[in-house]
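A short write-up of the structure that comes next.
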Amino acid sequence: MLIDIHCHANLYLTLDEIINEAIKVGVEKILAVSISFISLERILEISSRFKAIYPALGIHPEEVQMNKDIENQLDSVLNTIRSNREQICAIGEIGLDHHFVKNHELYPLQKIIFEKMLLLAQELELPVNLHTKGAEKEVFDLLPSYTIPNINIHWYSGPEEFLKRGIERGYYFSITPAISYSPAVKKTVSMVDIDHLLLESDGPVKYSGELGTPAMIREVLNTVSKLKGTSAIEIENQIYENTKKIFPKMF
Ligand SMILES: [Zn+2]
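To convert, count from 1 in the sequence shown and add 22; that's our numbering.
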């Protein structure tokens, strides 16, 4: 069985078809991550409607430029997450972004939100699903101040220095379909041991023009298998165990 641990499942128009397609290739569980104030309820709604969908709640670092009210909505966000603590499997997608968010004036607010999310993960004893694009140093500097059960770095493509640091600290790295063309993603796979790898679609993000879907992680597994020189079934079993360890509430 494969598990997609990072998917924006609420954004598909035909989620039932997307899930059926995934199940056909053995992707039986999908962790749906929220990004915005409005997506919190949508993630909860689809996870109650579809058996394969498991919820993760959090605020994405790009929300500061998408939603001018987010600062005033933070208490409400925290309340929603706390009141759904039983159902949710992780806090995510959260983090810092200094790549897609160009306006430096938004960085302090981004950090305030991220630190509130980390504190909440610590309080609720939940793993985190992290976005680090262009802010790898800032994210890695903050993490040791919090006691969080497990850390998943999503789609890592930053400097090798922080990749090494993350490996030393025992973080889990999730690999996207970008493995087919991205040297940075290939590098992450080559450096991280198979006992710290996970798979994700980040769908509906597009890959070479094609809509990203959970079913695609079957092909990601095959590519990881080639790069590691280990059989696909052996890697599938190991990644299953890794996922169970970091996101136990999905099982
Ligand atoms: Zn994402």
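Beta carbons are placed, not taken as given, at the ideal position from N, Cα and C, and that holds for glycine. These numbers come from a predicted model, not from an experiment.
The continuous stretches of beta strand (DSSP E) do not include Lys-159, which lies in the alpha helix (DSSP H) extending over residues 158 to 164. Taking a contact to require three or more Cβ pairs closer than 8 Å, the stretch 133 to 143 and the stretch 178 to 196 do not qualify as touching. In this structure, DSSP gives His-176 an extended state, which the three-state scheme calls strand.
Val-207: member of the alpha helix (DSSP H) spanning 205 to 213, first to last residue.
For Glu-93, the Cβ stays outside the 7 Å cut-off from all heavy atoms of ligand 1.
Look at Gly-117 here: in three-state DSSP terms it is strand.
Rounded to the nearest angstrom, the gap between the Cα atoms of Leu-131 and Phe-162 is 18 Å. Contact check for Tyr-194 and Leu-165: beta-carbon distance about 13 Å, past the 8 Å limit, so the pair fails to qualify. Closest option to Ile-239, judged by alpha-carbon separation, among Tyr-178, Val-207, Pro-199, Val-211: Pro-199. Not a single heavy atom of ligand 1 lies less than 7 Å from the C-beta of Glu-84.
In the three-state scheme derived from DSSP, where H, G and I count as helix and E and B as strand, Leu-233 is classed as strand.
Nearest to Val-49 by alpha-carbon distance, out of Ile-110, Met-213, Lys-271, Asp-26, is Asp-26. Between the stretch 85 to 98 and the stretch 247 to 257 there are fewer than three inter-stretch CB-CB distances shorter than 8 Å, so the stretches are not counted as touching. By the neighbour-count criterion, in which 16 or more other beta carbons inside 10 Å mark a residue as buried, His-126 falls on the exposed side. Within the same chain, Leu-146 come within 7 Å of Arg-107 by CB-CB distance, once the 5 residues on both sides are set aside. DSSP, read as helix, strand or coil, puts Asn-259 in helix. Relative to the non-hydrogen atoms of ligand 1, the Cβ of Glu-241 never comes closer than 7 Å to any of them. Counting every other CB atom within 10 Å of its CB across the protein chains shown gives Phe-273 a total below 16, marking it as exposed. With 16 or more other CB atoms across the displayed protein chains lying within 10 angstroms of its CB, Ile-201 is buried. Between the beta-carbon of Thr-169 and that of Leu-118 there is about 19 Å, and that puts the pair past the 8 Å contact cut. Per DSSP, the unbroken alpha helix (DSSP H) holding Ala-143 starts and ends at 129 to 146. Checking the 7 Å criterion, the Cβ of Glu-115 is within range of a heavy atom belonging to ligand 1.
Ranked by Cα distance from Asn-101, the options Glu-115, Ile-68, Glu-63 are led by Glu-63.
Contact check for His-30 and Pro-226: beta-carbon distance about 6 Å, within the 8 Å limit, so the pair qualifies.
DSSP, reduced to helix, strand and coil, places His-218 within a helical segment of the structure shown.
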